[in-house]
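One structure is given here, and the rest of the page talks about it.
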Amino acid sequence: MPVSRPLLFVLACLAVWAVHLGLHLANAYALWPLDGVGHRYGALVELLLILVLGALLAMLLPRALRWRTRRSARPSAELQQERQRIARDLHDHVGSQLVNAMALLDAQVPPQRDALRLLEQCLLDLRLVVDSMEGCDDTLTGRLARLRHRMLPVLQRRGVAMDWSVDCLEGMPAPQGEAAQHLSAIVQEALSNVLQHAQARKVAVRLACEGPHWCLEVRDDGVGGAPEEGAPAAGHGIPGMRRRAQLAGGRLSVLRPPEGGTCVRVLVPHAGAMARHGPVLPRGASAE
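Numbering (full-length UniProt numbering), first residue to last: 1 to 288.
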């Protein structure tokens with residue numbers, strides 16, 4: 001129903017219908033002796049249509065009585081089941097086709113090596129999309145664990161060593177739900193940049209509690225190949241990561257440490273923190 005109060009809407013429609021029916025009956029009663037057969041037939045047809053309309057409105061009344069305002073932002077059970085079905089189909093059909101295509105290529109042949117890397121990246125992105133469609137209420141640590149499981153083999157094949165440090169403090173719940181989804185997507189985008197642009201040999205992912213904030217960092221020793229601020233595709237690169245950080249309630253900074261490389265840092269206030277601080281820059285580093 002296109003209104004926020006369907007019960008009132010249906011009752012208002014029934015009231016208008018009742019007034020229309022009453023006026024029609026009164027008009028037919030007054031003019032019935034004066035009308036000819038044709039007019040009387042038309043009046044009966046119009047009355048029948050009015051009664052049918054009333055029956056249709058009456059059928060909506062039970063549904064309007066059952067309608068309740070949705071109090072939770074969580075997806076319904078039906079929506080979660082549909083997401084899981086789509087995720088299974090993507091994994092079983094599209095994923096298997098990508099694996100078959102990769103099996104036809106030889107990594108020792110330079111032109112095929114580039115195509116193999118591209119297919120490997122597509123398969124990785126597909127698996128990450130499938131993972132993101134499951135566990136809507138998972139915590140950030142759970143999502144990061146799945147991301148590490150997907151990314152580590154690819155990083156190792158590319159010769160990139162990964163240092164993983166996720167500290168979970170007792171009594172300090174990590175972000176979860178939609179905030180966790182946005183934050184893990186930032187890490188995914190940063191690691192994707194490391195694979196595609198940075199030419200890095202080492203990458204470090206760190207999650208720790210710093211004062212009133214959770215601090216999430218992805219640091220590499222590459223050439224600083226993160227996409228520029230004016231990336232043309234909306235929702236990608238640094239602008240997309242900043243937008244996700246804001247949706248998670250935090251702030252993102254892209255830093256250039258003096259020892260080189262790139263550091264993507266997100267500060268998010270933890271639950272119960274009253275003050276909201278901006279990003280803290282490491283000594284000697286400059287924000288991009």
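We put the CB at the ideal spot given by N, CA and C, even for glycine.
For residue i: DSSP bridge partner residues
i	result
C13	For C13, which the question treats as bridged, DSSP gives no partner whatsoever.
C209	W214
P258	Beta-bridge pairing links P258 to no other residue.
P269	H213
D163	A204
L252	V266
R219	A204 and C263
Assumed close pair residue i, residue j - CB separation to whole angstroms, cut-off 8 Å
i	j	result
G222	G159	That pair is no contact at about 12 Å.
L252	C263	Contact doesn't hold; Cβ gap of about 11 Å is too wide.
S184	L147	6 Å
T139	A180	6 Å
H91	I50	Not quite, the Cβ-Cβ distance comes to about 55 Å (not below 8 Å), so this is no contact.
H24	L47	6 Å
V266	G249	Incorrect: roughly 10 Å between the Cβ atoms, too far for contact.
Neighbourhood of residue i by C-beta, 7 Å cutoff - its chain only, sequence neighbours within 5 removed
i	result
V10	L57, L60, L61 and A64
L116	M102, L105 and A107
L14	L57
R206	S165 and E217
V94	L126
Residues near residue i by beta carbon distance below 6 Å, same chain, minus five either side
i	result
V16	none
G204	According to the sequence as given, residue 204 is Ala; it is not Gly. Excluding residues within five positions, the ones whose Cβ falls inside 6 Å are D163 and R219.
R244	H182, A185 and I186
R113	A107
R242	L252
K202	A161 and D221
S96	none
Where the alpha helix (DSSP H) containing residue i begins and where it ends
i	result
V187	G177 to N193
A245	G237 to L247
Run of the beta strand (DSSP E) containing residue i, from where it starts to where it stops
i	result
M172	That residue, M172, is in no beta strand (DSSP E); it is neither H nor E in DSSP.
Cβ shell of residue i (< 8 Å), same chain only, five flanking positions each side left out
i	result
R150	L124, R127, L128 and D131
C122	L98
L195	Q121, V154, L155, R158 and V160
A12	none
C209	D167, L169, M172, C215 and H270
L144	V166, S184, V187, V205 and L207
N100	none
The ligand PLP heavy atom lying under 8 Å from the CB of residue i
i	result
A58	This structure lacks the ligand PLP, and indeed carries no ligand of any kind.
Give the list of continuous alpha helix (DSSP H) stretches no shorter than 4 residues that lie fully inside the segment 82-143. 95-103 and 110-132
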